[in-house]
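>
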Amino acid sequence: MNIQENISLKNYNTFGISVNAKRFISVDSVYELQQLLKIEKDIFLISGGSNMLLTNNIDKLVVHIDIKGISIDREDDSFVYLTVNAGENWHEFVLYCISQNYGGIENLSLIPGLVGTCPIQNIGAYGVEVKDVITKVEGLEIETSKFVTFSNEDCQFGYRNSIFKNSHKGKIILTSVCFKLTKKSHHLNTSYGAIETELVSKNITKPTLKNVSDAVIEIRKSKLPDPKKIGNSGSFFKNPVISKKQFVELQKENPTIPNYPVNETEVKVPAGWLVEQSGFKGKRFGDAGIHEKQALVLVNYGNASGKEIYQLAKKIRETVFKNFEISLEIEVNVIL
Ligand code: EPU
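Residue numbers (the working numbering): 30 to 365.
1) Using 8 Å as the threshold, is the region 118 to 133 in touch with the region 233 to 248, meaning 3 or more CB pairs across them?
2) Classify residue 333 as helix, strand or coil using the three-state DSSP reduction.
3) So is residue 216 buried or exposed if we call it buried at 16+ other beta carbons inside 10 Å?
4) Assign residue 317 to one of three DSSP states: helix, strand, or coil.
5) How about residue 159 and residue 153: do their beta carbons lie closer than 8 Å?
6) Only counting the same chain, and skipping five residues up and downstream in sequence, which positions put a Cβ closer than 6 Å to that of residue 103?
7) Using DSSP's beta-bridge definition, name the partner residues of residue 131.
8) Measure the C-alpha to C-alpha separation of residue 341 and residue 335 and round it to an integer number of angstroms.
9) Please name the residue in 79, 247, 193, 201 whose C-alpha comes closest to that of residue 136.
10) Between which two residues does the beta strand (DSSP E) harbouring residue 50 extend?
11) Looking at C-beta atoms only, is the number of pairs between the region 171 to 181 and the region 51 to 68 that lie closer than 8 Å three or more?
12) Check the C-beta distance from residue 330 over to residue 318 and give it rounded, since I have them as a contact under 8 Å.
13) Do residue 56 and residue 93 have their CB atoms nearer than 8 Å?
14) In its own chain, which residues sit with a C-beta less than 8 Å from the C-beta of residue 81, not counting the 5 before and 5 after it?
15) Look at the Cβ atom of residue 242, then the Cβ atom of residue 138, and state whether they are nearer than 8 Å.
16) Among the candidates 220, 282, 198, whose CA atom is the shortest distance from the CA of residue 73?
17) Got a sec? Which residues, its chain only, sit under 7 Å from residue 37 by beta carbon, not counting five neighbours each side?
18) Between residue 154 and the ligand EPU, is the CB less than 7 Å from at least one heavy atom?
19) Taking residue 211 as the reference, which of 325, 306, 127 has the closest Cα?
20) Going by alpha carbons, who is nearest to residue 297 out of 221, 260, 269?
21) On the DSSP letters alone, give me the boundaries of the beta strand (DSSP E) that residue 204 sits inside.
22) In angstroms, rounded to a whole number, what distance separates the CA positions of residue 142 and residue 95?
23) Could you tell me whether the Cβ atoms of residue 113 and residue 205 are closer together than 8 Å?
24) Going straight from the alpha carbon of residue 327 to that of residue 165, what length do you get?
25) Rounded to whole angstroms, how far is the Cβ of residue 338 from the Cβ of residue 266, which I believe are closer than 8 Å?
26) Is it buried or exposed for residue 106, if we count other Cβ within 10 angstroms and need 16 for buried?
27) When you compare each of 150, 231, 272 to residue 189 by their alpha carbons, which one comes out closest?
28) Report yes if the C-beta of residue 189 is less than 7 Å from at least one heavy atom of the ligand EPU; otherwise report no.
29) Do you know offhand how far residue 40's Cα is from residue 140's?
30) Let me know if residue 284 comes out buried or exposed under the rule of 16 or more other beta-carbons within 10 Å of its beta-carbon.
31) Would you mind sorting residue 289 into buried or exposed? The rule is 16 or more other CB atoms within 10 Å of its CB.
Written out as structure tokens, the structure reads:
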């Protein structure tokens with residue numbers, strides 16, 4: 030086992046925050062991870078680092094999950110069942126599926142991060158959530174080093190939420206995710222306005238998986254900053270759900286407020302709109318800022334500290350609350 034000392038985590042988190050790990054190990058097999066857990070349980074996990082904000086040096090042993098591999102468990106005429114190890118890059122997995130004509134995750138193209146973390150916040154975009162295609166999730170229980178399996182139902186998936194963010198937080202290391210994808214009669218989801226517009230602009234009337242993926246990539250590139258160029262963690266806040274009563278009042282003052290009905294009594298409103306209306310879009314405070322094309326995304330222009338980004342998030346929350354009486358919930362995992 031190769032434990033290194035004083036390693037910078039700047040390249041291990043998409044926000045590009047410079048904090049150090051006192052001790053660091055990269056693990057490339059489940060066996061190695063199991064051996065490690067037998068001697069050390071007080072660990073800090075990092076995989077793609079695409080949904081976390083680090084605000085301090087890490088004293089615990091930092092374990093980087095780098096377990097690779099994609100295998101086909103079985104297939105029939107209509108479906109393929111795959112097991113994908115946690116360390117596979119999410120977008121490369123999406124591209125692999127498209128090249129094999131496996132459908133179901135094309136709308137989730139270009140989402141940063143690794144396969145092993147996709148169930149944790151149930152990644153979603155353009156009308157699709159990863160829960161729609163996950164059959165089960167496998168991992169090791171930190172306390173016992175034993176294998177554990179969670180069915181789709183066990184995961185208790187919700188909007189940017191799962192059991193791994195709640196009762197099982199910090200207790201399980203996800204090692205692989207199993208997917209069921211279509212081989213024919215793909216259910217293409219192009220209902221999201223921007224996808225349709227993108228396809229129409231290219232005169233595509235009978236889109237393929239690749240056409241949809243390409244459209245999503247175009248839309249994301251036009252709106253969301255590339256973490257390789259500007260540090261960020263995607264949407265920093267969740268889109269809040271408010272009561273219909275509060276929404277009706279809000280709409281009187283703001284007739285153009287975008288909204289998505291959740292049920293009879295609740296409405297979801299875009300946090301990006303609330304942040305933009307509060308005057309933050311495109312603003313920069315030192316090296317911490319709010320992206321100019323998407324107010325939901327906080328960015329690190331270079332050398333912002335995690336604390337500075339967190340302070341900015343708090344300021345945004347306070348202002349949005351003052352203006353709209355809505356509490357924004359942070360979606361990114363802030364490590365204080
Ligand atoms: N809006 C603004 N100003 C902004 C941003 C958005 O007014 O700066 C308005 C837009 O005009 C639109 C509405 O908000 O009417 C929704 O915007 P958009 O379609 O861009 O989606 P979003 O609600 O901002 C969510 C996800 C994204 C996902 C997109 C597309 C959350 C927290 N975010 O964003 O996910 O890509 O929908 O499905 O649910 C992520 O989680 O990291 C992420 C990027």
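Ideal placement from N, C-alpha and C gives every residue a C-beta, glycine not left out.
Put simply:
1) In short, these stretches touch, since the Cβ pair count reaches three.
2) coil
3) exposed
4) Three-state DSSP puts residue 317 in a strand.
5) yes
6) If we look at residue 103 and ignore the five residues flanking it on each side, its Cβ neighbours are 110.
7) None, per the DSSP bridge assignment.
8) Going from the Cα of residue 341 to the Cα of residue 335 covers about 10 Å.
9) 247
10) 49 to 56
11) yes
12) 6 Å
13) yes
14) 42, 44, 75, 262, 361, 362, 363, 364
15) Taking 8 Å as the cut-off, the beta carbon of residue 242 is found closer than this to the beta carbon of residue 138.
16) 198
17) 47, 49
18) yes
19) 127
20) 269
21) From DSSP, the beta strand (DSSP E) with residue 204 extends over 201 to 211.
22) 12 Å
23) yes
24) 32 Å
25) So it is not a contact: roughly 13 Å between Cβ atoms.
26) Flag for residue 106 reads exposed.
27) Nearest of 150, 231, 272 to residue 189, Cα basis: 150.
28) The answer is yes for residue 189.
29) 17 Å
30) exposed
31) exposed
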